[in-house]
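Taken in sequence, the protein lines are chains S and Z. When we follow this note's numbering, the leftmost residue of the first sequence carries the number 1, and every step to the right adds one. When we follow this note's numbering, the leftmost residue of the second sequence carries the number 1001, and every step to the right adds one.
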Amino acid sequence: GAVVSQHPSWVICKSGTSVKIECRSLDFQATTMFWYRQFPKQSLMLMATSNEGSKATYEQGVEKDKFLINHASLTLSTLTVTSAHPEDSSFYICSARDDPFFYEQYFGPGTRLTVT
Amino acid sequence: GQNIDQPTEMTATEGAIVQINCTYQTSGFNGLFWYQQHAGEAPTFLSYNVLDGLEEKGRFSSFLSRSKGYSYLLLKELQMKDSASYLCAVRGGSGNTPLVFGKGTRLSVIA
Chain S
1 GAVVSQHPSW VICKSGTSVK IECRSLDFQA TTMFWYRQFP KQSLMLMATS
51 NEGSKATYEQ GVEKDKFLIN HASLTLSTLT VTSAHPEDSS FYICSARDDP
101 FFYEQYFGPG TRLTVT
Chain Z
1001 GQNIDQPTEM TATEGAIVQI NCTYQTSGFN GLFWYQQHAG EAPTFLSYNV
1051 LDGLEEKGRF SSFLSRSKGY SYLLLKELQM KDSASYLCAV RGGSGNTPLV
1101 FGKGTRLSVI A
């Protein structure tokens, strides 16, 4: 099956700094990747849809200037949390499809971000 | 808008059968998915329904009624390792729309 990786798997940073999370599709090309955020005991909340070579589409309430998404190639999308605050601490999960009309979304293993 | 409801928690006994229900209201419908998620891990795909009826896959089955906006996930012969959160997700609209998740049902399997 298709594999999606994320790096790092966990990160601790200080308040005010920026953190970059990478999402890679290892054995397929993903024209679209999705970024989700999950707080403890909550479900996955879609943050944005990332399309290769174009600007990301953000969900309502998600600050695009704070959560910078770059989908520079068909196998890599990055999420940068800028000027992180403790309330940004969460589990960030990316997901990708290899075909926009195929049903399955493949999920990465997630990145645990803790902002101190 | 989109609304997906499922029970918050359920408890069942090892070896038993449990049914987790999901109701949804979405603008457009292009499939309903069930995922399993263990704490601290990413979701793993369990099943997909786009037409009415029952889809069976080993110990897991999923049912869909589009007219009722209703689905359930049936787990048979429960094992301790089945203790996890089960997420109902809907793909609305068409084309490249993302999955929208319900809040998940935390299932505890007890001896």
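For every residue, glycine included, the Cβ atom is placed at its ideal position computed from N, Cα and C. Predicted model only: the values in this text are computed from it and were never measured.
Check                                                                                                                                                                                           : Outcome
Measuring alpha carbon to alpha carbon, tell me which residue in S/G108, S/F107, S/L79 and S/E87 is nearest S/A56.                                                                              : S/L79
Cα separation between S/S90 and Z/Q1019?                                                                                                                                                        : 30 Å
Our contact map puts S/C94 next to S/W10 with C-beta atoms below 8 Å; I'd like the distance itself, whole angstroms only.                                                                       : Not really, about 15 Å apart at Cβ, beyond 8 Å.
Might you give, ordered along the chain, the residues of its own chain that have their beta carbon closer than 8 Å to the beta carbon of S/V62, omitting 5 neighbours on each side?             : M47 and A48
Within 10 angstroms of the Cβ of Z/L1054, are there 16 or more other Cβ atoms? Answer buried if so, exposed if not.                                                                             : exposed
Identify every run of the alpha helix (DSSP H) within the segment 1026-1094 of chain Z, keeping only runs that are complete inside it and at least 4 residues long; order them along the chain. : none
Is S/V115 closer than 8 Å to S/S54 when the C-beta atoms are compared?                                                                                                                          : no
Would the beta-carbon of Z/F1029 fall within 8 Å of that of Z/S1047?                                                                                                                            : no
Would you decide whether Z/M1080 is buried or exposed? Buried here means 16 or more other CB atoms lie within 10 Å of its CB.                                                                   : exposed
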